[in-house]
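These notes are about the structure you will find just below.
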Amino acid sequence: MMTASAAAGILASLSLQHNVCIATARLRLRPVEAGDLHAIHRMRLDVEVMRYMPGVETVIVAEESRRSIERVRLMMKEGGFSFAVTRNCTIEERIDSNDNDSECDIDRNDEVVKAKVIGFIGITSPPQIFYIFQRESWGRGYATEVLRAFLGAYWAGRKISGGGANGPDGRRSPSSSPEKEAQRVWHGEEELGDVLEAHVHDGNVGSEMVLRRCGFEFAWETVTSAHGRDDVRCMVYRIERPRG
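Residue numbers 1 to 244, in full-length UniProt numbering, belong to the letters of the sequence shown in order.
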């Protein structure tokens with residue numbers, strides 16, 4: 001476990017990754033902040049939320065969890081593109097500020113409503129995209145709404161690469177394979193991300209549906225490690241930058 005002072009030092013050293021904010025009909029995407037540690041830690045403690053993730057958090061106190069602190073650091077690391085997701089709230093919703101399951105927090109002294117973080121989305125391991133939402137926000141179409149908005153902002157902000165594994169006419173080189181192409185589509189500052197991936201553990205049907213709705217296509221199947229096993233089936237989905 002990490003000490004509180006060590007955690008404070010790491011979090012204090014972090015700077016905002018970017019200054020991009022995105023608004024959708026119901027949600028707002030903003031840069032991840034050091035103060036989001038408790039939000040991501042709360043999700044990582046939930047067995048259901050982490051069912052199709054590498055593993056469940058076991059350290060109860062957020063400031064003592066090396067893994068949760070590292071997750072925040074990765075989501076704030078320079079060169080990435082990650083967001084905290086909040087929902088637009090109104091005072092009329094009358095949500096109990098002591099209810100951890102609510103999507104809004106109310107300061108009863110000032111009668112101010114502040115948006116509560118309900119999820120995260122971004123890229124910490126290019127070209128792979130991730131997203132995670134608190135269980136109370138499932139089944140409302142938030143993941144699809146957020147992913148579509150994220151993709152629009154991502155493609156708009158990234159330079160088109162000079163062909164990558166494809167030739168000048170856009171056709172794939174005869175020697176290219178999906179696996180090799182995936183390793184070459186992220187070239188640092190010069191050529192960034194004409195292809196994105198999402199890795200989905202076997203059984204996560206809901207996530208596969210979200211990806212398909214947003215234009216991702218199944219590419220190949222592999223195996224990964226999760227929950228103490230090293231033989232977990234994983235479906236790789238890919239999406240290419242829209243052309244034209």
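Even glycine gets a Cβ: it sits at the ideal position worked out from N, Cα and C.
Query, Result
"Collapsed DSSP secondary structure at residue 122 in the structure displayed", "strand"
"For residue 83 and residue 123, believed in contact at Cβ under 8 Å, the rounded distance", "No, residue 123 and residue 83 are not in contact; Cβ-Cβ is about 10 Å, not under 8 Å."
"Beta-carbon separation (whole angstroms), residue 78 vs residue 68, contact threshold 8 Å", "Incorrect: roughly 20 Å between the Cβ atoms, too far for contact."
"Pick from 48, 54, 23 and 34 that is closest to residue 223, judged by C-alpha positions", "54"
"Residue 72 - containing alpha helix (DSSP H), residue span", "66 to 75"
"Where residue 44 falls: helix, strand or coil (DSSP)", "helix"
"6 Å Cβ shell around residue 52 - same chain, five flanking residues per side excluded", "201 and 204"
"Inter-residue CB distance, residue 238 and residue 217 (contact presumed, cutoff 8 Å)", "6 Å"
"Backbone secondary structure at residue 12 - three-state DSSP", "helix"
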